[in-house]
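J.: Residue numbers (this note's numbering): 7 to 347.
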Amino acid sequence: MKCDIVVPVWNKKEMTKQCLDSIFANTHCGYSIIIIDNASDLPTRIYLDEVKAKYPDKVTLIRNQENIGNTKAANQGMRASRADYVCILDNDTLVFDDWLNEMIRVSESSKEIGIVSPYNNSGKKKPWDKSYRLYAKEMTAGKQGQYVETAAAIGFCYLIKREVINKIGVWDERFSPGYFEDTEYCLRAKDAGYKSVFAKGAFVFHFEHASFKKRGFDALFKESEEKFYRLHKRPQRILYILTNPSAGYYNQIKQDSYNLAKNYNWVSIFLKKSSPRIDLYDHAYIKVLYFGDIFFALIAIIKVLIKKKKFSKIIADSENISTMMNFLKRYHKAEVQLLGS
């Protein structure tokens, strides 16, 4: 079997049915489904029994006597799997045509790629006038085989090569019942020599946080976040403000920004609209924004001041902007550096 799809389930019968139906309809490679039932209520248990009876050769159903949480349930599935790949898939998702085959194709394109997530909706709502299928088709058109590197794939749909599991094990259950276990796993995989990527040609719609709404998403997220930062340093948020990018420092910024991003730091680059489009490494943690030339400095300063997640360092190539950022430091709190100094 090419891939085992691990689907942890805790109630939400109709949403689970949507998810499983979409898998059966849109998965075109060798696969099986391992359902981990986390002590669901009776209607959901009956439905899962029906699925198992209908697809006896395709579905494995593992039942827990209590809800052990998403992290431990996913690990149950990983330990039960013997396939070349394991795909952990939340039950509040919809998959679309060739989703799994495309992620496997991307994974097999490089020995370095160990973990793959789809290039998902990223919190965006589906346009009201489009079907999910049309939206998925538009989002993936012409992108087959393409991917963008990331420091952390996203656990709602998370494809792992068997060799990665053999080398570094399963998710860290200190993050149970959920959140940040997927990020921590990517960091361990990186230390073992594997990249994590988003497959641009694969699309899975995620009804975000539906799995944890009843248990209080905010409190659970905060608790897992605190656990994570006790184990790993907080990421830096670095901003480059470039008024006159030149070959003299461009290549160094290109390499520095990539090194920062692949080590779980966020990099933003502000440029004038008249600046040439720069060829940075394709990484999800590197963001380039272009602003109008006339009010460029003013817009850059306003963007810094209103940003909710504050920058930790601001690097400018303009002495005037650097001076202004230093003057406003008590508001933005970031370290300020003049490029080249």
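The beta-carbon is built from N, C-alpha and C at its ideal position, and this holds for glycine as well. Since this is a predicted model, take the numbers as computed values, not measurements.
Starting from C35, follow the alpha helix (DSSP H) in both directions and report where the run begins and ends.
T.: Premise fails: C35 is in no alpha helix (DSSP H) and is neither H nor E.
J.: Under 6 Å Cβ to Cβ from Y235, same chain only, skipping five residues before and after it: list those, please.
T.: Within the same chain, Y235 has no close Cβ partners at all.
J.: What does a CB cutoff of less than 7 Å around Y153 pick up in its chain, not counting 5 residues either side in sequence?
T.: V112, V203, F204, A205, K206.
J.: So does the segment 239 to 249 actually touch the segment 161 to 172, counting three or more Cβ pairs closer than 8 Å?
T.: No, the segment 239 to 249 is not in contact with the segment 161 to 172.
J.: Rounded C-beta distance between E122 and L165? I'm assuming under 8 Å.
T.: Before going further, note that residue 122 is Val rather than Glu in the sequence given. With a Cβ gap of about 4 Å, V122 and L165 count as contacting.
J.: Rounded to whole angstroms, what's the CA-CA distance from V13 to R88? Just pull it up for me.
T.: Whole-angstrom Cα-Cα distance: 16 Å.
J.: Which residues share a DSSP beta bridge with Y296?
T.: Its beta-bridge partners are L277.
J.: According to DSSP, is K220 helix, strand or coil?
T.: Low confidence applies to K220: its pLDDT is 49, below 50, so where it sits in the model is not reliable enough to give any reading.
J.: Cutting at 8 Å between CB atoms, please list the residues of its own chain near T329, excluding the five before and the five after it.
T.: Result list for T329: empty, nothing under 8 Å.
J.: Taking just the CA atoms, how far does K196 sit from Q258?
T.: Q258 and K196: Cα-Cα distance of roughly 23 Å.
J.: Going by C-alpha distance, which of R283, F302, L334 is nearest T249?
T.: Of the listed residues, the one whose Cα sits closest to T249 is F302.
J.: Kindly indicate the opening and closing residues of the alpha helix (DSSP H) around A59.
T.: Taken as a continuous stretch (DSSP letters only), the alpha helix (DSSP H) holding A59 covers 48 to 60.
J.: In angstroms with no decimal places, state the Cα-to-Cα distance between V15 and E56.
T.: So the two alpha carbons sit approximately 15 Å from each other.
J.: For D47, collect the residues of the same chain with a Cβ closer than 6 Å to its Cβ; drop the 5 residues on either side in sequence, then sort them by chain order.
T.: So the qualifying residues of the chain are N17.
J.: Suppose you measure from the CA of Y296 to the CA of K149; what does that come to, to the nearest Å?
T.: Cα to Cα, Y296 sits roughly 24 Å from K149.
J.: Can you grab the Cα-Cα spacing for the pair D288 / H34, in whole Å?
T.: Using only the alpha carbons, I get a separation of about 29 Å.
J.: Please report the straight-line C-alpha distance between M145 and L106, rounded to a whole angstrom.
T.: Rounded to whole angstroms, M145 to L106 spans 16 Å at the Cα level.
J.: By DSSP, does H289 sit in helix, in strand, or in coil?
T.: Three-state DSSP puts H289 in a strand.
J.: Check whether the Cβ atoms of I40 and I68 lie closer than 8 Å to each other.
T.: Cβ distance < 8 Å, so I40 and I68 count as in contact.
J.: Give me the DSSP bridge partner(s) of E155.
T.: DSSP lists V203, H289 as partners of E155.
J.: Please check the pair I275 and Y246, which I expect to be a contact at CB under 8 Å, by giving their CB distance rounded to whole angstroms.
T.: I275 to Y246, Cβ: 5 Å. Contact.
J.: Under a Cβ-count criterion, where at least 16 other Cβ atoms within 10 Å of its own Cβ denotes burial, should L304 be classed as buried or exposed?
T.: Burial call: exposed.
J.: Helix, strand or coil: how does DSSP classify Q71 here?
T.: Three-state DSSP puts Q71 in coil, outside helix and strand.
J.: Using 10 angstroms around the beta-carbon of E118, count the other beta-carbons present and answer buried if the total reaches 16, otherwise exposed.
T.: Exposed, by the Cβ-count rule.
J.: Go to F211, then tell me how far its beta strand (DSSP E) extends in each direction, as first and last residue.
T.: Here the beta strand (DSSP E) through F211 covers 210 to 212.
J.: Within 10 Å of its beta-carbon, does P124 have 16 or more other beta-carbons around it, so buried, or fewer, so exposed?
T.: So P124 ends up on the buried side.
J.: Could you check how far apart the C-beta atoms of R51 and D63 are, in whole angstroms? I think they sit under 8 Å.
T.: Rounded, the Cβ-Cβ distance is 21 Å, inconsistent with contact.
J.: What did DSSP end up calling V170 once you bin it into helix, strand or coil?
T.: Looking at V170 - three-state DSSP - the assignment turns out to be helix.
J.: Judging by CA-CA distance, which residue of D103, N76, P251, N172 is the nearest neighbour of D27?
T.: Minimum Cα distance to D27 is reached at D103.
J.: Starting from the Cα of C93, find the closest Cα among K278, G120, Y264, K339 and give me that residue.
T.: With distances taken between Cα atoms, C93 lies closest to G120.
J.: Closest to S182 by CA distance: which of K319, F227, L266 is it?
T.: The candidate whose alpha carbon is nearest that of S182 is F227.
J.: For a quick check, are the C-beta atoms of A157 and C192 less than 8 Å apart?
T.: For A157 and C192, yes; Cβs fall inside 8 Å.
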